[in-house]
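To keep things clear, I will list the structure first and then write my remarks on it.
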Amino acid sequence: LCCECGQFHLLLDNHLYNFQDEVDDELICHICLQPLLQPMDTPCGHTYCFKCLENFMQEYNFCPMDRKKLSFQQCHKSSLLVRNLLDKLIVFCPFKAECQQTMQRCELEAHLQNRCPGFKKYKSELQRKKNPSSKGKEDPPTKVETNTPKDPEVPSGGSSLVAESSAAAVVSLGTAEPGLVNPAFEETEEGENLPQRTSLVAETNTIEIHREDPEEELGMRIVGGKDTPLGNIVVQEVLRDSVIAADGRIAPGDHILEVNGVNISSVTHCQAVSFLRHPGPVLHLMVLQEKGFSSKTAQQDSTSATSREVIHVTLIKRDRSEPLGIKLIRKTDEAGIFILDLLEGGLAAKNGKLSRNDRVLSINGQDLRQGTPEAAAQIIQTTESRVNFVVLRQPGVQLLDPVEDGSTSNSSSSSSNGGSPVHHRRRLDQNHYRRKSNYQKGYISHEKTVAIKKEPKESLGITIGGGRDNKNKLPIYVTSVQPIGCLFRDGRIKRGDVLLSINGIDLTHLNYYEAVSALKSNAASHSVVLKALEILPLNSAEPSLDIKEQGFSWSPLWITWLGLPSYLHCCQDIVLSKGNLESWGFSIVGGFEESKGNQPFFIKTIVPGTPAFRDRKLKCGDEIVAVNGVPAIGMSNSELIPMLKEQRNKVTLTVVSWPGSLV
Numbered sequence: 001l002c003c004e005c006g007q008f009h010l011l012l013d014n015h016l017y018n019f020q021d022e023v024d025d026e027l028i029c030h031i032c033l034q035p036l037l038q039p040m041d042t043p044c045g046h047t048y049c050f051k052c053l054e055n056f057m058q059e060y061n062f063c064p065m066d067r068k069k070l071s072f073q074q075c076h077k078s079s080l081l082v083r084n085l086l087d088k089l090i091v092f093c094p095f096k097a098e099c100q101q102t103m104q105r106c107e108l109e110a111h112l113q114n115r116c117p118g119f120k121k122y123k124s125e126l127q128r129k130k131n132p133s134s135k136g137k138e139d140p141p142t143k144v145e146t147n148t149p150k151d152p153e154v155p156s157g158g159s160s161l162v163a164e165s166s167a168a169a170v171v172s173l174g175t176a177e178p179g180l181v182n183p184a185f186e187e188t189e190e191g192e193n194l195p196q197r198t199s200l201v202a203e204t205n206t207i208e209i210h211r212e213d214p215e216e217e218l219g220m221r222i223v224g225g226k227d228t229p230l231g232n233i234v235v236q237e238v239l240r241d242s243v244i245a246a247d248g249r250i251a252p253g254d255h256i257l258e259v260n261g262v263n264i265s266s267v268t269h270c271q272a273v274s275f276l277r278h279p280g281p282v283l284h285l286m287v288l289q290e291k292g293f294s295s296k297t298a299q300q301d302s303t304s305a306t307s308r309e310v311i312h313v314t315l316i317k318r319d320r321s322e323p324l325g326i327k328l329i330r331k332t333d334e335a336g337i338f339i340l341d342l343l344e345g346g347l348a349a350k351n352g353k354l355s356r357n358d359r360v361l362s363i364n365g366q367d368l369r370q371g372t373p374e375a376a377a378q379i380i381q382t383t384e385s386r387v388n389f390v391v392l393r394q395p396g397v398q399l400l401d402p403v404e405d406g407s408t409s410n411s412s413s414s415s416s417n418g419g420s421p422v423h424h425r426r427r428l429d430q431n432h433y434r435r436k437s438n439y440q441k442g443y444i445s446h447e448k449t450v451a452i453k454k455e456p457k458e459s460l461g462i463t464i465g466g467g468r469d470n471k472n473k474l475p476i477y478v479t480s481v482q483p484i485g486c487l488f489r490d491g492r493i494k495r496g497d498v499l500l501s502i503n504g505i506d507l508t509h510l511n512y513y514e515a516v517s518a519l520k521s522n523a524a525s526h527s528v529v530l531k532a533l534e535i536l537p538l539n540s541a542e543p544s545l546d547i548k549e550q551g552f553s554w555s556p557l558w559i560t561w562l563g564l565p566s567y568l569h570c571c572q573d574i575v576l577s578k579g580n581l582e583s584w585g586f587s588i589v590g591g592f593e594e595s596k597g598n599q600p601f602f603i604k605t606i607v608p609g610t611p612a613f614r615d616r617k618l619k620c621g622d623e624i625v626a627v628n629g630v631p632a633i634g635m636s637n638s639e640l641i642p643m644l645k646e647q648r649n650k651v652t653l654t655v656v657s658w659p660g661s662l663v
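Counting along the sequence shown from 1, when you hit position 543 you're at 543 in UniProt numbering, and nothing is skipped either side.
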């Protein structure tokens, strides 16, 4: 629960308010469709919320309204007059049961902290739930090499992988279970000229996650579950500035085996989400983490690895533009980025915890083990306040000369002193790949038509998400139904419904801003006809998570997206390239089986250090629709594996990517 607005929302999202009156359209942000917060003006004359614009500019380089070229640095705060008008908007106290007061928006935080009986009651209940405990350090990992290759699938007794110990154990992934192919590991006749790749190496670790607020979101997205071909629960994404990102030990691709001692390797997706959303000051997670291929070199390095130290450092900027004073470079003989120097008097030098020659593993949860100085600088520059570093330190290592890619050193080094490195944007293929599938995914969709009579000035009262310009190319869906609009009164449109059309205008191929414009223009009429798709679980016994659980913001579950009909799937082409002796670096599950029929192929793991890992566009949980234009539906493993292996240097994967469930 946010202590400023008294409502549940994501850490990176804007505050939420219940306004007494309808707010003038001139004071509405056209990104979030809510009254402006910390308004920012663009040079082309448009105004957006600070957070909305900042998040948008991380993915795009144009104004959302007129699509003119734009950078965040060109924008500035709105005038004091506009900010005062917004602050004076009248809002209700969110604790309606105990407090019916109204006040100006700028007064709500003080009201909650000092006068609101409802917030006081909430805080006292929260205090009673807390169980303060000292933050113990994780046991140092103990590596145990196994001679017999283990199955990459976690058995039902997942804890057996760690030999009844909380210490880490290394297991080799050399063979695959039925239904799992591993194009990441390929036999080659030319292997004699390469370091010996004996098997994939994975490590199980028990990790303690500490939360000051026991109900705070962990900040990661998950996919999988026993009711999907993936089987295990897999981390798809770690959100920036989250609890998990600050800890720095969990990365995309990790398999979660246990939560607080409960084995979740054989539970449904919804059950896993429920376990991970359970509040508590300390969360114990057992995770399986792939480390890449083992080799002679890797085995030699393992003896010296004990002298290395993983260090967590948090630097706090006073404002977004404050430099850290760190010079980052690349090395000639090793992937990743390293600290060349700490500028005297800078924030990092004053903090004193970072050192020259430290290897940067991640910043704010973004994996930089294969990263570049430019990528690191971008993350630092776009961070508002807290910058969380995870670095690897090995005493006595001398820093080698940086890689020189061009005529200047800007391509191999980057300073976080406010420089603006050039970023090469990856444009996603706009291909809409239509296909047929009879796979029952646990959810079914039901189309409905809702006709409403309304006053011309009465708003629909909904907020929406998605859009084909979204990074996952989602259809337009309802994120909330506000208690002030005509749709709340009607009751048939619900949160999570996918909007198909309004008054005959097709919404399924629109981007977010086109959909907002279509909804607003048609909402001005006396009657509105909405066509929507409601996604329902096949198993009514499955626990419903379509409610705002205490401490967690609502967002659609990953498994519900799998229930969409294929005409709403928007595919993208991902092109991977590799050398003659490299492997693609991903494993897949699914395909046709006699007992189960047609199942989609899903990406299950992506191996560190491989082409799929370096490309960064392919994610765990992505569904493979086609390989080099050949549809994968109806294929078995034995048919798809040769297709992948016979592609020598380049392969085009057509995939559907859905965002994982937020926990």
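Note that CB positions come from ideal geometry on N, CA and C, so glycine has one too.
**Study point:** Integer Cβ distance of Phe601 from Leu557, believed to fall under 8 Å
**Key:** Locating residue 601 in the sequence shown gives position 601, counting from the first residue. Locating residue 557 in the sequence shown gives position 557, counting from the first residue. So it is not a contact: roughly 21 Å between Cβ atoms.
Review point. In three-state terms, what does DSSP make of Gly158?
Key: Translated into the one-based positions of the sequence shown, residue 158 becomes position 158. Here Gly158 scores only 36 on pLDDT, less than 50, and its place in the model is too uncertain to base an answer on.
Review point. How would you write the range of the beta strand (DSSP E) that Lys327 sits in, first residue to last?
Key: One-based indexing of the sequence shown puts residue 327 at position 327. Element bounds for Lys327: 326–329.
Review point. To which residues does DSSP link Asn388 through a beta bridge?
Key: On the sequence shown, residue 388 is found 388 positions in, with the first residue counted as 1. BP columns for Asn388 point to Thr314.
Practice item. Take Thr372 as the anchor and find which of Leu285, Gly336, Ile250 has the nearest alpha-carbon. Key: Working through the sequence shown from its first residue, we reach residue 372 at position 372. It is Gly336 whose Cα lies nearest to the Cα of Thr372.
Practice item. Compare the C-alpha of Val262 against each of Leu285, Phe8, Val243 and name the closest. Key: Along the sequence shown, read from residue 1 onward, the residue named residue 262 stands at position 262. For the residues Leu285, Phe8, Val243, the minimum Cα distance to Val262 belongs to Leu285.
Point to revise | Inter-residue spacing [alpha-carbon to alpha-carbon] between Leu653 and Cys29 | key: Taking the sequence shown and counting its residues from 1, the one referred to as residue 653 is at position 653. Taking the sequence shown and counting its residues from 1, the one referred to as residue 29 is at position 29. One C-alpha to the other measures close to 37 Å.
**Study point:** Start and end residues, beta strand (DSSP E) containing Gln104
**Key:** Residue numbering aside, residue 104 sits at position 104 when the sequence shown is read from its first letter. Taken as a continuous stretch (DSSP letters only), the beta strand (DSSP E) holding Gln104 covers 102–104.
Point to revise | Limits of the unbroken alpha helix (DSSP H) element including Thr605 | key: Within the sequence shown, residue 605 is the residue found at index 605, counting from 1. That residue, Thr605, is in no alpha helix (DSSP H); its beta strand (DSSP E) goes 601–606.
Review point. What separation, rounded to the nearest whole angstrom, lies between the Cα atoms of Pro214 and Phe275?
Key: If you number the sequence shown from 1, residue 214 lands on position 214. If you number the sequence shown from 1, residue 275 lands on position 275. One C-alpha to the other measures close to 14 Å.
Point to revise | Three-way DSSP call (helix, strand, coil) for Thr610 in this model | key: Position 610 of the sequence shown, counted from the first residue, corresponds to residue 610. It is coil, neither helix nor strand.
Review point. What does Ile244 pair with, by DSSP beta-bridge criteria?
Key: As a first step, residue 244 must be located in the sequence shown, where it is residue number 244. Partner(s): none; Ile244 has no beta bridge.
Review point. Less than 8 Å separating the beta-carbons of Val516 and Lys494?
Key: Within the sequence shown, numbered from 1, the residue matching residue 516 stands at position 516. Within the sequence shown, numbered from 1, the residue matching residue 494 stands at position 494. No, these two residues do not count as a Cβ contact at 8 Å.
Check your understanding: Any contact of the region 359–377 with the region 245–262, i.e. 3+ C-beta pairs under 8 Å?
Key -> yes
Point to revise | Nearest neighbour of Asp87, chosen from Phe95, Cys75, Glu98, Arg105 [CA to CA] | key: Taking the first residue of the sequence shown as 1, we reach residue 87 at position 87. Checked all of Phe95, Cys75, Glu98, Arg105; the closest Cα to Asp87 is Arg105.
Review point. Under a three-way DSSP split, which group does Gly660 fall into?
Key: Within the sequence shown, residue 660 is the residue found at index 660, counting from 1. Gly660: coil per DSSP, three-state reduction.
Review point. Under a Cβ-count criterion, where at least 16 other Cβ atoms within 10 Å of its own Cβ denotes burial, should residue 683 be classed as buried or exposed?
Key: Residue 683 lies beyond the residue range present for the chain, which begins at 1 and ends at 663; the question has no answer from this structure.
Review point. Buried or exposed: which applies to Ala377, given that a residue is buried once 16 or more other Cβ atoms fall within 10 Å of its Cβ?
Key: The sequence position of residue 377 within the sequence shown is 377, counting from 1. With 16 or more other Cβ atoms within 10 Å, it is buried.
Review point. Using the rule of at least 16 other Cβ atoms within 10 Å of the residue's Cβ for burial, across every protein chain shown, is Asn388 buried or exposed?
Key: Residue 388 sits at position 388 when you count from the first residue of the sequence shown. The residue in question, Asn388, is buried, as its Cβ has 16 or more Cβ neighbours within 10 Å.
Exercise for review: Please determine if the region 612–627 and the region 566–580 are in contact, where contact requires at least 3 C-beta pairs separated by less than 8 Å.
Suggested key: yes
Check your understanding: Just checking my contact of Leu324 with Ile380 at CB under 8 Å: how many whole Å lie between their CB atoms?
Key -> Translated into the one-based positions of the sequence shown, residue 324 becomes position 324. Translated into the one-based positions of the sequence shown, residue 380 becomes position 380. Indeed, because the Cβ distance is near 6 Å, the residues count as touching under 8 Å.
Check your understanding: Hey, is Gly585 close to the ligand GDP, as in C-beta under 7 Å from one of its heavy atoms?
Key -> The ligand GDP is not part of this structure, which contains no ligands at all.
**Study point:** Outcome for Leu70 when other beta-carbon atoms lying within 10 angstroms are tallied against a minimum of 16
**Key:** Residue mapping note: residue 70 aligns to position 70 of the sequence shown, counting from 1. Flag for Leu70 reads buried.
Review point. Which residue or residues does DSSP assign as beta-bridge partners of Met40?
Key: One-based indexing of the sequence shown puts residue 40 at position 40. Paired residue(s): Tyr48, Lys77.
**Study point:** Close-in-space but distant-in-sequence residues of the same chain around Gly419 (CB under 7 Å, 5 per side omitted)
**Key:** Walking along the sequence shown from the start, residue 419 turns up at place 419. No answer about Gly419 holds up, because its pLDDT of 34 lies below 50 and its placement is not dependable.
**Study point:** Sequence-distant residues of the same chain with beta carbon closer than 8 Å to Glu109, five excluded per side
**Key:** Within the sequence shown, residue 109 is the residue found at index 109, counting from 1. Answer for Glu109: Cys3, Glu4, Cys5, listed in chain order.
Review point. For Phe19, which beta-bridge partners are listed by DSSP?
Key: In the sequence shown, counting from the first residue as 1, residue 19 sits at position 19. Its beta-bridge partners are Val91.
Check your understanding: Where does Ser416 fall in DSSP's three states?
Key -> Residue 416 sits at position 416 when you count from the first residue of the sequence shown. At Ser416 the pLDDT is 38, less than 50, meaning the model places this residue with poor confidence and gives no usable figure here.
Point to revise | Terminal residues of the alpha helix (DSSP H) in which Ala376 lies | key: For this step, residue 376 is matched to residue 376 along the sequence shown. Start and end: 373–381.
Check your understanding: In three-state terms, what does DSSP make of Gly467?
Key -> Residue mapping note: residue 467 aligns to position 467 of the sequence shown, counting from 1. Strand.
Review point. Does DSSP put Gly491 in a helix, in a strand, or in coil?
Key: In the sequence shown, residue 491 corresponds to position 491, counting from 1. Correct three-state label for Gly491: coil.
Practice item. Following the continuous beta strand (DSSP E) through Phe338, name the residue where it begins and the one where it ends. Key: On the sequence shown, position 338 is the one that residue 338 refers to. From DSSP, the beta strand (DSSP E) with Phe338 extends over 337–342.
Review point. Does the Cβ-Cβ distance between Glu59 and Lys471 come in under 8 Å?
Key: Position 59 of the sequence shown, counting from 1, holds the residue named residue 59. Position 471 of the sequence shown, counting from 1, holds the residue named residue 471. Yes, Cβ-Cβ distance for Glu59 and Lys471 is below 8 Å.
Practice item. Quick one: grab the DSSP three-state call for Asp497. Key: As a working note, residue 497 is residue 497 in the sequence shown. Coil, per DSSP.
Check your understanding: Mind checking His76: buried by the 16 CB within 10 Å criterion, or exposed?
Key -> On the sequence shown, position 76 is the one that residue 76 refers to. Under this definition His76 is an exposed residue.
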